[in-house]
Amino acid sequence: MKRKYPELYLWRAMREQRWELTGAAVLGFIASACAVALLGTAGWLIATAAGAPPVLTLTVAAVMVRAFALGRAVFRYLERLAGHDAAFRGLVGLRVAVYEQFERLSPAGISSFGRGDLLTRLVADVDTAVDLPLRLVLPWAQSLLVILGAGVFFWWLLPSLAALFVVLGVIALALIPLVVSLNTSRSETRLAPKRAELASALVVAFSAVADINAYGANEQALSRIYKIDEELTALGRKTAAGLALGGALMTAIQGAAVIGVMWLVVPKITEGVIDPVWIAVAALLPLAIFDVLAPLPNSAAALHRVRASAERIESLTHLPTPVAEPVQPQQISPGFTGLVVRELSSSWPGSTRPALRNVSFTLQAGQHLYIVGPSGSGKSTLANVLMGFTNYSGSVLVNGVELADVDHDEIRHRIGWLAQQAHIFDTTIQENIVLGRAEIMSETVAAALTGAQLDEMLSRLPSGSKSKVGAFGSSVSGGEAQRIALARLTVDPRPLVILDEPLEHLDSETAQAVENVLSQQLSQSALITITHHLLSIPDDSVVLELHDGCVVSTGTCLEIRSKTGWFQEQWQAQFEIGQFARTQTRG
Numbered sequence: 001m002k003r004k005y006p007e008l009y010l011w012r013a014m015r016e017q018r019w020e021l022t023g024a025a026v027l028g029f030i031a032s033a034c035a036v037a038l039l040g041t042a043g044w045l046i047a048t049a050a051g052a053p054p055v056l057t058l059t060v061a062a063v064m065v066r067a068f069a070l071g072r073a074v075f076r077y078l079e080r081l082a083g084h085d086a087a088f089r090g091l092v093g094l095r096v097a098v099y100e101q102f103e104r105l106s107p108a109g110i111s112s113f114g115r116g117d118l119l120t121r122l123v124a125d126v127d128t129a130v131d132l133p134l135r136l137v138l139p140w141a142q143s144l145l146v147i148l149g150a151g152v153f154f155w156w157l158l159p160s161l162a163a164l165f166v167v168l169g170v171i172a173l174a175l176i177p178l179v180v181s182l183n184t185s186r187s188e189t190r191l192a193p194k195r196a197e198l199a200s201a202l203v204v205a206f207s208a209v210a211d212i213n214a215y216g217a218n219e220q221a222l223s224r225i226y227k228i229d230e231e232l233t234a235l236g237r238k239t240a241a242g243l244a245l246g247g248a249l250m251t252a253i254q255g256a257a258v259i260g261v262m263w264l265v266v267p268k269i270t271e272g273v274i275d276p277v278w279i280a281v282a283a284l285l286p287l288a289i290f291d292v293l294a295p296l297p298n299s300a301a302a303l304h305r306v307r308a309s310a311e312r313i314e315s316l317t318h319l320p321t322p323v324a325e326p327v328q329p330q331q332i333s334p335g336f337t338g339l340v341v342r343e344l345s346s347s348w349p350g351s352t353r354p355a356l357r358n359v360s361f362t363l364q365a366g367q368h369l370y371i372v373g374p375s376g377s378g379k380s381t382l383a384n385v386l387m388g389f390t391n392y393s394g395s396v397l398v399n400g401v402e403l404a405d406v407d408h409d410e411i412r413h414r415i416g417w418l419a420q421q422a423h424i425f426d427t428t429i430q431e432n433i434v435l436g437r438a439e440i441m442s443e444t445v446a447a448a449l450t451g452a453q454l455d456e457m458l459s460r461l462p463s464g465s466k467s468k469v470g471a472f473g474s475s476v477s478g479g480e481a482q483r484i485a486l487a488r489l490t491v492d493p494r495p496l497v498i499l500d501e502p503l504e505h506l507d508s509e510t511a512q513a514v515e516n517v518l519s520q521q522l523s524q525s526a527l528i529t530i531t532h533h534l535l536s537i538p539d540d541s542v543v544l545e546l547h548d549g550c551v552v553s554t555g556t557c558l559e560i561r562s563k564t565g566w567f568q569e570q571w572q573a574q575f576e577i578g579q580f581a582r583t584q585t586r587g
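If you're matching positions, the sequence shown starts at 1 in full-length UniProt numbering and goes up one per residue.
Written out as structure tokens, the structure is:
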């Protein structure tokens, strides 16, 4: 459900900075008042000095000119300092809140978003939120206060001038921004989604550049990016045209103010109602006042930009949480005493087809369970359920405690997971393994790297484990990236570990070595291994075979292999391929 004023969500997110923003608005008003008073006092001083009065008559005005000149600079600096400090600290809180939303939704709840879209929401849309206090709240607050102050002065000087400024002030504060808003609303509203579309296209192009080059699809990829960029440029032109119109109208109203003031003041001077020196003040003040109001057209355009970004950010808060945190979380007892799954069913968000149906099995301490089945049979979904990423019906007991009643952080502290495509960060190998866990010693990391069969790779790198691996592990092979993820897992073993295709991208010799290390370093953990490599399963290990989300057979590898069916066919096919490869090698 879309809210009418989504920018209020951003304003609430910055509630801790409201007093500081109020102080910045006051400082900005004082700075603007000093600028207006400086021009007015200077005009009075020049006009009065033209009559050659005694020097003492000009002394106070001369001091005021200096004071207002200094005050304008000092208070404007303090206003910028306070306003930007409050805005950027509020921005930090907002960015943390958005990241927490992603964390709440991840991974199942964000599967419908592209990576570029998520990046735009977290970076560009959040950065746009800084315009709310700096380009909307503060300029309008200062302008309103300056108009009110000028109206009071003109009422003292000549009531008809006050009436003129009320009319012109309404035009400058409301009508001109409204005209700009009507001319820029569509382009500014479309900017944020179009930026997200461009970011998505760039992320896809960069991440798939090797495949794009291999298939000669560079022109198609570039044409899409060019098209989006041209649309963005067209939107920018429309916004620029609206702002130019607003600037022209503001200049016109400024000129009208000067003419109107002169038209009202000159007759009063000739009638002797007003001292002639005030004509310079009356003529110069509109110039200074409308300089203060000049940012309002930009503020009107920024309102739509902020509203569009706020709507995209706030929309995350309305997405349903894939797995809700328990109201009264329970603790899992230390260690691992057993996993009992009964009548487990689960579906991915937005899907009507169940990914798992009535799955039941048990896992004892120290046991190793292999889960097999064709692609799409629900193996990875089962891992996501056990990690607390997906809702389920039925029962999942870990150490006798229902998984749905356990805090999510507690689940992931007790259950380790090696994803099928583990993420490799654009940092060093050591930091990829430690992941901010400062308590892990360098010696432990070195042992984990050795266990993951990475010594040869480290010997080739100039800085060893301190070498950077590039974005998404671009400087390492797929097998090396998988082994880095394995080292990340074994450096801090959990009581229960889920391995999703741990031997993927590895040659048979390395796979065997890694498997031996896993069995040694995770000997104290209960293991669930999801695999397509059926030959790597020991004959006496327990196997759970899934098809279309259902358990079709369970037993030892030898028992299932002796039965006619998918497992036997796949095992035999893999065995024959292995035999052929060995024959070719000997030949």
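Backbone N, C-alpha and C fix where the C-beta goes; we use that ideal spot for every residue, glycine too.
If you check the beta carbons only, do residue i and residue j fall under 8 Å apart?
i: GLN142; j: VAL292; result: yes
i: SER200; j: ASP127; result: no
i: ASN183; j: ALA240; result: no
i: ALA244; j: VAL261; result: no
i: ALA355; j: THR321; result: no
i: PHE206; j: GLN254; result: no
i: ARG488; j: LEU454; result: no
i: ILE110; j: LEU296; result: no
i: VAL517; j: ALA452; result: yes
i: ALA24; j: VAL277; result: no
i: ALA49; j: LEU56; result: no
i: SER377; j: HIS533; result: no
i: VAL359; j: LEU344; result: yes
i: LEU503; j: SER536; result: yes
i: PRO133; j: ALA82; result: no
i: GLY90; j: GLN17; result: yes
i: PHE75; j: THR41; result: no
i: PRO493; j: GLN521; result: yes
i: LEU264; j: LEU39; result: no
i: GLU7; j: ARG237; result: no
i: ARG121; j: VAL98; result: yes
Put residue i into one of helix, strand or coil per three-state DSSP.
i: SER523; result: coil
i: SER375; result: coil
i: ASN358; result: strand
i: GLU271; result: coil
i: THR529; result: strand
i: ILE560; result: helix
i: GLN568; result: helix
i: SER553; result: strand
i: HIS423; result: coil
i: GLU231; result: helix
i: THR352; result: coil
i: GLN430; result: helix
i: LEU503; result: coil
i: MET1; result: Unreliable positioning characterises MET1 in this predicted model, as indicated by a pLDDT of 47, which lies under 50. The coordinate reading is nonetheless provided below. Coil.
i: VAL542; result: strand
i: TYR370; result: strand
Quick one: what's got a C-beta closer than 7 Å to residue i's C-beta in the same chain, skipping five residues either side?
i: ILE332; result: VAL398, ASN399, VAL401, VAL406, GLU410 and ARG414
i: MET1; result: With a pLDDT of 47 at MET1, under the threshold of 50, the modelled position of that residue is not reliable, and no figure is offered here.
i: ILE560; result: VAL543, GLU545, SER553 and PHE567
Quick one: is residue i buried, meaning 16 or more other Cβ sit within 10 Å of its Cβ, or exposed?
i: PRO374; result: exposed
i: SER299; result: buried
i: VAL167; result: exposed
i: GLN430; result: buried
i: PHE575; result: exposed
i: TYR5; result: exposed
i: GLN579; result: exposed
i: GLY549; result: buried
i: residue 607; result: Summary: the structure shown does not reach residue 607, with the chain confined to residues 1 through 587, and so no result is reported for it.
i: SER463; result: exposed
i: PRO495; result: buried
i: TRP44; result: buried
i: ILE577; result: exposed
i: PHE389; result: buried
Starting from residue i, follow its DSSP beta bridges and name the residues at the other end.
i: SER345; result: SER393
i: ILE498; result: TRP417 and ILE528
i: GLN330; result: VAL406
i: VAL340; result: THR362 and LEU397
i: LYS468; result: THR428
i: HIS547; result: CYS550
For residue i, I'd like the list of residues in its chain whose CB is within less than 6 Å of its CB, leaving aside the five on either flank, ordered along the chain.
i: THR554; result: LEU544
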